[in-house]
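K.L.:
Below you will find the structure I want to go over with you.
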Amino acid sequence: MADLALIRHVPLIGGNKTLADVTRDVCRPLETGPTKLWYVSFLAAFSALAIGSVAVAYQIATGVGTWGLNRTVGWAFDITCFVFWVGIGHAGTLISAILFLLRQRWRTSVNRSAEAMTIFAVMCAGIFPIIHTGRPWLAYWLFPYPNFRGPLWVNFRSPLVWDCFAIGTYFTISLVFWYVGLMPDLATVRDRLKSGFRQKLASVMSLGWNGSFRTWHRYESVYLMLAGLATPLVLSVHTIVSWDFATGVIPGWHATIFPPYFVAGAIFSGVAMVLTLLLVARKTMRLEEYITIRHIDVMCKLLLLTSGIVAIAYVTEFFTALYSTNPYEEFAFLNRAFGPMGWTYGIMVSCNVLIPQLLWFKRVRQSPWIIFPITLLVNVGMWFERFVIIVTSLHRDFLPSSWSSYYPTPIEIGMLIGSFGLFFTCFLIFCRILPVIAMAEVKGVLSPAHPSAPDREGTSIPATGSEAALMPSGVRS
Amino acid sequence: MGRDKPSRYWKSWEQGPGASELIQISTNEFPEPLDRPPSQFSRRSFLKAAGFTAAVAATVGCSRAPVEKAIPYLVQPEEIVPGVSYFYASGCGGCSAGCGVLVKTRDGRPIKLEGNPEHPLSHGGLCAAGQASLLSLYDSQRVKEPLIGGKPASWQEADRRITEQLASIRASRGPVRFLSGTITSPTLNAEIQRFLATFPDAGHVTYDALSSSAILDAHQETHGARLLPHYRFDLADVVVSFDADFLGTWISPVEFTHGYRSNRLNESAAPKMSYHAQFESRLSITGAKADQRVRVAPDELPSAVSRLAVSIARLAGIASPVPDSGTGNPPDAILETLAQRLWEARPNSLVVSGSQDRRAQVLVNFINQALGNYGATLEIERPSLQKSGSDRELQALVDELQKGQVAALFILGANPVYDLPNGSAIADGISKTRLVVSFSGQLDETASASRFVCPDHDALESWGDAEPVRGTLTLYQPAIRPLTNTRPVLESLAAWRGQPRSAYDTLREYWRTEVFPKRQSRDGNGAGAAGADFQSFWDASVEAGIAQIKTASTTHPFRGAAVAAPAAAGALSADEFSLVLYPKVALGDGRHAHNPWLQELPDPISKITWDNYASVSPAAATRLGLKEGDVVRLELQSRDREGAGAQTIELPSFIQPGQHDAVVSVALGYGRKGTERFSTVGPKWIFGRSGVNEEGRVGKNAAPLLEFTDGSLQYSGSGIRLTKTGRQYSLASTQSHHTLTIPKNIPLVGGDTREIVHELTVAELVEKVHAAATAPPPPELPKRRFPEVPMNGMWKDDHPYTGHRWAIGVDLTACTGCGACVVACQAENNIPVVGKDEVLRHREMHWIRIDRYYSGEEDVEVVHQPMMCQQCDNAPCETVCPVLATVHSAEGLNQQIYNRCVGTRYCANNCPYKTRRFNWFNYARNDKFQNLALNPDVTVRSRGVMEKCTFCVQRIEAARIESRRHGAAKIADGQVQTACQQSCPAQAIVFGDLNDPNSRIAQMARNPRRFAVLEEFNFRPAVNYLAVVRNRESEITKEAKAHG
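Residue numbers (this note's numbering), protein chains in the order written: chain A, 5 to 481; chain B, 94 to 1137.
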């Protein structure tokens, strides 16, 4: 509870904000026209999405042969991107659920966008298992739905089926969690708007929120329960994704370390992505006072921690392989590092292990202009980590006669660009139509030196939030 | 028009009855209709068309495929049951070896060729080219009708014009020449003789693009008869081959492979093995099987032969006909021990040479004579007729042609413009000839230079016969009505002779008069069994596809005087390489170059498809600074061709371990006209690349580098200069890592070797057999596939195989890697051709592949390992498929359900053997006509689904139906033969039921040589391999000897 002591002295939100300031600041982007910067970013993101759509449409029309895969390497960019995006999604749930349960109150400024990011990332991820199939129009066969094909069911032993459940559950819970958290803020938006379609929509979406004690009470209970439900998912989703590989027989895949290794990696990449987005958002949307250097500092520490876990996993993997005396296993790992695709392993280790070590320095942790490239590189590294696991294990497996290589085609690169396009397009739209910061929660962590002032703007939201409700009474006032 | 028609008077002829239209125009004020603008396409018709198009697009787009009505036979022919396959015995038209085939027809069309197991030469084997010749029948670019000057004409027209010209030639006593490849058909030879006899000056010149002329010429000198001995590898205990690739491409590889294999390893209580030494300059599949392989440059070969002759003469106690030429490569010690071995094994030893040096061949004859092999392993009383070409006669004809002295030239089964060194000169000569008639079914280089093309039937459409070895006849019967307007040569010649008769009648007449009187039962017991009257003899022969006849016994005494020392080869200068031109197993002399199955068949050694290349040894490549794919210019400074400048071709280089360092080898048979079609083979998509080279063809023709020396075509020994051009060219190989050894640059494990293929020496095998014999016998046939590996998995063995339990065994000692199984599988299982670009992307679709591994550094050893789906009991593919598209059958088969597959490729990733193949695209068959060759029993896979070897499940089911029909409870052993097994000339593959303790496969599983690949992982594959055995001392005994 050292953080609580800290909170008492150092405000989480800077700039001596009043409650009304919070509402005004957060709602400003919703009520004014988009900035030039937004237009430029949106154009870029949407173009990327368009490129990806064309690439995927062409691939679906022509065949998976438009990718660089071959008889030996059956997965590459497709499943790499899938695992990558699922991993990105992890930070959202971590921040909103686990940190919520752990009373990490600094999360309030970042949880909304982190959760949005989760949802968009899982959307991106969900596309790949569908389009990677040879006959995507039949991809729904992966779900165990009642059918007329006799007693034909899915193969419950296949990790791909588990994936469907894991991703489906994760997406659903994340979406519900996010939506529930949005409700008080939607009500604020509703009240600020006078009329029109948006007002009606916000009215419907806020489910008749009236700010009463009962509303708040139920809201808090649901939120707490959802947080509890979502927490195991943070661990389970990537564990299950890792089973795609761990249950395989291919040396380099068949490893018991995969579940914790993947979860740590996922949180690592997710936190990096949250940081990337926040650094951009606080600058472009003038939210420096809400997303302070302190937030960034804490996130960097999390990044450093997960980088360490990932580094231990890399070492353990190597050690296990060499200690196993299984020649295929030994070769798989040595080939990863020293084989023809060793450069990918080099990128992975330098981006995921070496570069994050800079974050030991406080000065680095507090300089957004240094952190920003680090977070980008971490995600490059994490993308390559999945590529290394998938491709370098496959390309030289048991029989040397079948050893092969892999080169992506422009279609695959287009697909990769497109997935980023989809992600950022969604995120930019989110920035425009929904409050990017959980107003209700932030109001709960405003500096105690500025107790709730009279609400000049006339919102119906009391100066409390879920966090506040959970806080010991001493902290509240 | 009014009802009342007044008489119409006309003013002038233009307006009269001859010009009704004119009148109409003149009476019509507006010649164009007024209701629409004077354009072709009115708005109304545009709207109509647009509406129609939209409607059609909508309806077509909604339905998956148009409904096609199958029309049943109205009156069903008695002998045809739709959906049931029939087999007709016939012969193979792929080359001049004359193997017997069974043509599998379904609903009146041939869909597969199988070797005829009763054929006395091929014994049921059929090579890759033979298997693929089926596709040539359905080639849409065949010449479909007679052509005159390149324009289609009728047979009457062609006959009329040819007979007219022939009459005038006959009158003017013009020379008529018939040029052909070796013709083994006695009926056709007789007909050609009858035809030529109608001319005062006529001659039949035979040549082979892959010539064995020197052997025939040598026998002319030593035995007084121009003949090719019938080599009996089945009787040879010691085989020494000087550059003869008898298992791959030399004379009759299927027959030789069977013979070689049958005497190779005798696995009795005391295993015994034949001994095979190979001296060769490039690495052939024959060399790959040898117990001792010595790399010898072409110019060292004659001296090697003569040194062996000296040693043999010394052992035989006869005067050596050649002086002892000292030492050199190969080392004397090797030749000495070899001479000793040959001598001890006599007369069951055999020395063969593929050399085109007549004097070297004479020496080989001397060696075989001194060893007493004539009459034992070389039969000259019943010689082989598979190669009868004479390069001397060919050279004379070429001279005549160039001088314009020939009046009429008939060309059958030969493509001299392409496959001779001076092709353009021959084309020039052809243009000077008054009448040139080609019988080619393909518009090849020679046919397109010929004025008349009178296409012959495909072998599968025609009656015919062949006598590949004197006294052994193959009878060809048509398996389909001619698909196009072609005519058998027999009929064409008869028609031009003025006595038209059908090919069937001619053939029958010949057999009645020439074959029937000499008939012999097939086991050689006299005439009784073969039918008393001609009709029953004929019926029996047609049914069996073979007949044996008595031959007049002739003796050919050896004339020692002819033996002389071979000429010393001209020394090559230091910067020159010795050129070796060789045929590839798939393409041979190039006559099958239009066949996509063969183009995509990986070379057994280099594993490259769709190209030829200049192979150099690794040492030479280092010296020249060459990397694989660097385009090099090959420059042949012609020695004896007057005036001709340097011949050059540019080819990509390939680094071939096991090749002699001073040799560059290039495959013949590439760069054929007609391979332009392969520019579009394979899937069409934006980054798809063309499958042909910058000349628009597949590979390049190396025939211009051939030389005529000393009366024979020389395939090796010419000096050649290599220069780098700096360009790059991608070669599509199906294997990118060539050893079982981990690359050196991987630390810690670099240099380790994987135990994928087991190898033994005979001594080790003897020990194993002894150990197995003394060990207590296993109590019963074990439930598991691996009796000797106590492997405990996590799961209970609660899925016993109570009925059949299918398994395959592959004897790696027998397997030569020839690739016959690959094409057989492709034909049986409707496997698409994917094209060079897809092979470059490692997406070949073959269900069975032959892995080739090298070991050693300079003098590499080669093993071949056919690899197909291993149908594992603990199949890693089965657990990971999310939709249960691959499941295990109660008989041990790992089944792939195409219509359930969504194509996640998880199974392929998880397959430790990487035998699964994915349909990356809709691999449309380029030549729609060739879809007629599809096997209706096997689904044609669409894009996005996984496929793999099924152990020919359709054949298992057919056999099951058949056994049930006969009331049998189980399928008998041998009743099911997989396509790969059926085709294998070495009979290396065995398929059967492991639960039947007496089946061949169960016996094979008990063989001490048995191993399975990656056995230690407990996948429990159903494919059992038998270790490679080589007849040599084990390393341990060798060391012991060295110390002792």
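Where is the CB? At the ideal position from N, CA and C, for every residue including glycine. Computed from a predicted structure; not experimentally measured.
Exposed or buried, B/Arg71, counting other C-beta atoms within 10 Å across all chains shown (16 or more means buried)?
P.N.:
Chain B is shown only over 94 to 1137; residue 71 of chain B falls outside these bounds and no answer can be derived.
K.L.:
Return no unless some Cβ of chain A is closer than 8 Å to the Cβ of B/His830.
P.N.:
Locating residue 830 of chain B in the second sequence gives position 737, counting from the first residue. True, the Cβ-Cβ gap to chain A drops below 8 Å.
K.L.:
Among B/Val332, B/Arg287 and B/Asn356, which has the Cα closest to the Cα of B/Glu437?
P.N.:
As a working mapping, residue 437 of chain B is identified with position 344 in the second sequence. Measuring from the Cα of B/Glu437, the nearest candidate turns out to be B/Val332.
K.L.:
Please say whether A/Phe249 and A/Ile393 have beta carbons closer to each other than 8 Å?
P.N.:
Residue numbering aside, residue 393 of chain A sits at position 389 when the first sequence is read from its first letter. Residue numbering aside, residue 249 of chain A sits at position 245 when the first sequence is read from its first letter. For A/Ile393 and A/Phe249, yes; Cβs fall inside 8 Å.
K.L.:
Could you have a look at A/Phe160 and say whether DSSP puts it in helix, strand or coil?
P.N.:
The residue you call residue 160 of chain A lines up with position 156 of the first sequence. Note: A/Phe160 maps to coil in three-state DSSP.
K.L.:
I need the boundaries of the beta strand (DSSP E) containing B/Ser261, first residue and last residue.
P.N.:
Walking along the second sequence from the start, residue 261 of chain B turns up at place 168. Premise fails: B/Ser261 lies in the alpha helix (DSSP H), Trp248 to Ala264, not in any beta strand (DSSP E).
K.L.:
Should B/Asp668 be labelled buried (16 or more other beta-carbon atoms within 10 Å of its own) or exposed?
P.N.:
Translated into positions along the second sequence, residue 668 of chain B becomes position 575. Its Cβ having fewer than 16 others within 10 Å, B/Asp668 is exposed.
K.L.:
Out of B/Arg1093, B/Val976, B/Lys1041 and B/Leu933, which one is the CA nearest neighbour of A/Pro155?
P.N.:
Here residue 155 of chain A corresponds to residue number 151 of the first sequence, with the count starting at 1. Per the Cα distances, B/Val976.
K.L.:
Quick check on DSSP: helix, strand or coil for B/Ile173?
P.N.:
Along the second sequence, one-based indexing puts residue 173 of chain B at 80. Residue state, collapsed to three classes: coil.
K.L.:
Please report the Cβ distance between B/Val415 and B/Cys220, rounded to the nearest whole angstrom; I am assuming they are in contact, meaning their Cβ atoms lie under 8 Å.
P.N.:
One-based indexing of the second sequence puts residue 415 of chain B at position 322. One-based indexing of the second sequence puts residue 220 of chain B at position 127. Contact doesn't hold; Cβ gap of about 37 Å is too wide.
K.L.:
What do you reckon, are the CB atoms on B/Phe627 and B/Pro689 nearer than 8 Å?
P.N.:
For this step, residue 627 of chain B is matched to residue 534 along the second sequence. For this step, residue 689 of chain B is matched to residue 596 along the second sequence. Cβ distance not < 8 Å, so B/Phe627 and B/Pro689 don't count as in contact.
K.L.:
Over the uninterrupted alpha helix (DSSP H) stretch that includes B/Tyr675, give me the two end residues.
P.N.:
If you number the second sequence from 1, residue 675 of chain B lands on position 582. Unbroken run through B/Tyr675 is the beta strand (DSSP E), Phe670 to Tyr675; no alpha helix (DSSP H).
K.L.:
Can you check whether the C-beta of A/Asp29 is within less than 8 Å of a C-beta belonging to chain B?
P.N.:
The sequence position of residue 29 of chain A within the first sequence is 25, counting from 1. Judged by the 8 Å Cβ criterion, A/Asp29 is not in contact with chain B.
K.L.:
Against chain B, does A/Asp401 count as a neighbour if the rule is that its beta carbon must be under 8 Å from one of theirs?
P.N.:
The count along the first sequence starts at 1 and reaches residue 401 of chain A at position 397. Yes, because at least one Cβ of chain B sits closer than 8 Å to the Cβ of A/Asp401.
K.L.:
Hey, does B/Trp778 have any beta-carbon neighbour from chain A nearer than 8 Å?
P.N.:
By 1-based counting over the second sequence, the position of residue 778 of chain B is 685. Interface residue, yes.
K.L.:
State the CB to CB distance for the pair A/Leu41 and A/Thr280, rounded to an integer number of angstroms; the pair is presumed to be in contact (CB under 8 Å).
P.N.:
For the purposes of this step, residue 41 of chain A is taken as the residue at position 37 of the first sequence. For the purposes of this step, residue 280 of chain A is taken as the residue at position 276 of the first sequence. About 16 Å; that fails the 8 Å criterion.
K.L.:
Rounded to the nearest angstrom, what separates A/Ala95 and A/Ala125 at their Cα positions?
P.N.:
Within the first sequence, numbered from 1, the residue matching residue 95 of chain A stands at position 91. Within the first sequence, numbered from 1, the residue matching residue 125 of chain A stands at position 121. Going from the Cα of A/Ala95 to the Cα of A/Ala125 covers about 10 Å.
K.L.:
Identify, in the order they occur along the chain, each residue of the same chain with its Cβ nearer than 8 Å to the Cβ of A/Glu321, setting aside the five sequence neighbours on each side.
P.N.:
Counting from one through the first sequence, the residue named residue 321 of chain A turns up at place 317. Here the set comprises Ala259, Ile261, Tyr265 and Phe337.
K.L.:
Quick check on DSSP: helix, strand or coil for A/Tyr294?
P.N.:
Your numbering for residue 294 of chain A matches position 290 in the first sequence. Note: A/Tyr294 maps to coil in three-state DSSP.
K.L.:
Can you find a CB in chain B that lies within less than 8 Å of the CB of A/Leu420?
P.N.:
Within the first sequence, the letter at position 416 stands for residue 420 of chain A. Chain B, which has no Cβ nearer than 8 Å to the Cβ of A/Leu420, makes this no.
K.L.:
Check the Cβ of A/Thr89 against every Cβ in chain B and list those closer than 7 Å, keeping chain order.
P.N.:
Counting from 1 along the first sequence, the entry for residue 89 of chain A is found at position 85. Checking the displayed sequence, the identity of residue 89 of chain A turns out to be Trp instead of Thr. Per Cβ cutoff of 7 Å: no residues; A/Trp89 is ~18 Å from chain B at best.
K.L.:
Quick one, which of B/Pro1029, B/Val855 and B/Glu1040 has its alpha-carbon nearest B/Ile990's?
P.N.:
Start at 1 with the first residue of the second sequence, and residue 990 of chain B comes out as number 897. If we check each option's Cα against that of B/Ile990, B/Glu1040 comes out closest.
K.L.:
Does any C-beta atom of chain B lie closer than 8 Å to the C-beta of A/Leu23?
P.N.:
Mapped onto the first sequence, residue 23 of chain A falls at position 19. Taking Cβ atoms only, chain B never reaches closer than 8 Å to A/Leu23, which makes this a no.
K.L.:
Identify which residue in B/Leu195, B/Ala190, B/Cys192 and B/Gly201 has its Cα closest to the Cα of B/Pro170.
P.N.:
The count along the second sequence starts at 1 and reaches residue 170 of chain B at position 77. Minimum Cα distance to B/Pro170 is reached at B/Gly201.
K.L.:
How about B/Arg354 and B/Ala907: do their beta carbons lie closer than 8 Å?
P.N.:
On the second sequence, residue 354 of chain B is found 261 positions in, with the first residue counted as 1. On the second sequence, residue 907 of chain B is found 814 positions in, with the first residue counted as 1. Cβ distance < 8 Å, so B/Arg354 and B/Ala907 count as in contact.
K.L.:
Any Cβ of chain A within less than 8 Å of the Cβ of B/Leu874?
P.N.:
Your numbering for residue 874 of chain B matches position 781 in the second sequence. Low local confidence applies: a pLDDT of 45 at B/Leu874 is under 50, so the model's placement there is unreliable, and no value is given.
K.L.:
Given a cut-off of 8 Å, decide if B/Gly638 and B/Thr579 are closer than it, judged by their beta-carbon atoms.
P.N.:
Along the second sequence, read from residue 1 onward, the residue named residue 579 of chain B stands at position 486. Along the second sequence, read from residue 1 onward, the residue named residue 638 of chain B stands at position 545. Cβ distance not < 8 Å, so B/Thr579 and B/Gly638 don't count as in contact.
K.L.:
If you run the structure through DSSP and keep just helix, strand and coil, what is B/Leu744?
P.N.:
As a working note, residue 744 of chain B is residue 651 in the second sequence. Here B/Leu744 sits in strand by DSSP.
K.L.:
Taking B/Tyr991 as the query, report the chain A residues whose CB atoms sit under 8 Å from its CB, ordered along the chain.
P.N.:
Taking the second sequence and counting its residues from 1, one reaches residue 991 of chain B at position 898. Ordered by position in chain A, no residue passes the 8 Å Cβ test against B/Tyr991, which lies about 11 Å from the chain.
K.L.:
May I have the straight-line CA-CA distance separating B/Pro293 from B/Leu583, to the nearest angstrom?
P.N.:
Within the second sequence, the letter at position 200 stands for residue 293 of chain B. Within the second sequence, the letter at position 490 stands for residue 583 of chain B. Rounded to the nearest angstrom, the two C-alpha atoms are 21 Å apart.
K.L.:
Fully enclosed by the stretch 309–369 of chain A, which alpha helix (DSSP H) runs are 4 residues long or longer?
P.N.:
Correct list: 331–342, 346–353 and 366–369.
K.L.:
Can you give me the C-alpha to C-alpha distance between B/Leu281 and B/Phe801, rounded to a whole angstrom?
P.N.:
Position 188 of the second sequence, counting from 1, holds the residue named residue 281 of chain B. Position 708 of the second sequence, counting from 1, holds the residue named residue 801 of chain B. For B/Leu281 and B/Phe801, the distance between alpha carbons rounds to 29 Å.
K.L.:
Along chain A, in chain order, which residues have C-beta atoms closer than 7 Å to that of B/His935?
P.N.:
Position 842 of the second sequence, counted from the start, is the residue given in the question as residue 935 of chain B. Asn74, Arg75, Thr76 and Ser408, listed in chain order.
K.L.:
Taking only the alpha-carbon atoms, compute the straight-line gap between B/Ser215 and B/His351 and give it to the nearest angstrom.
P.N.:
To locate residue 215 of chain B, count along the second sequence from 1; it is residue 122. To locate residue 351 of chain B, count along the second sequence from 1; it is residue 258. Whole-angstrom Cα-Cα distance: 7 Å.
K.L.:
Between which two residues does the alpha helix (DSSP H) carrying B/His316 extend?
P.N.:
Locating residue 316 of chain B in the second sequence gives position 223, counting from the first residue. Here the alpha helix (DSSP H) through B/His316 covers Ser306 to His316.
K.L.:
For the stretch 991–1019 of chain B, enumerate the residues whose C-beta is nearer than 8 Å to any C-beta of chain A, in chain order.
P.N.:
If the cut-off is 8 Å between Cβ atoms, the stretch 991–1019 of chain B has Arg993, Cys994, Val995, Gly996, Thr997, Arg998, Tyr999, Ala1001, Asn1002, Asn1003, Pro1005, Tyr1006, Lys1007, Arg1009, Arg1010, Phe1011, Asn1012, Trp1013, Phe1014 and Asn1015 near chain A.
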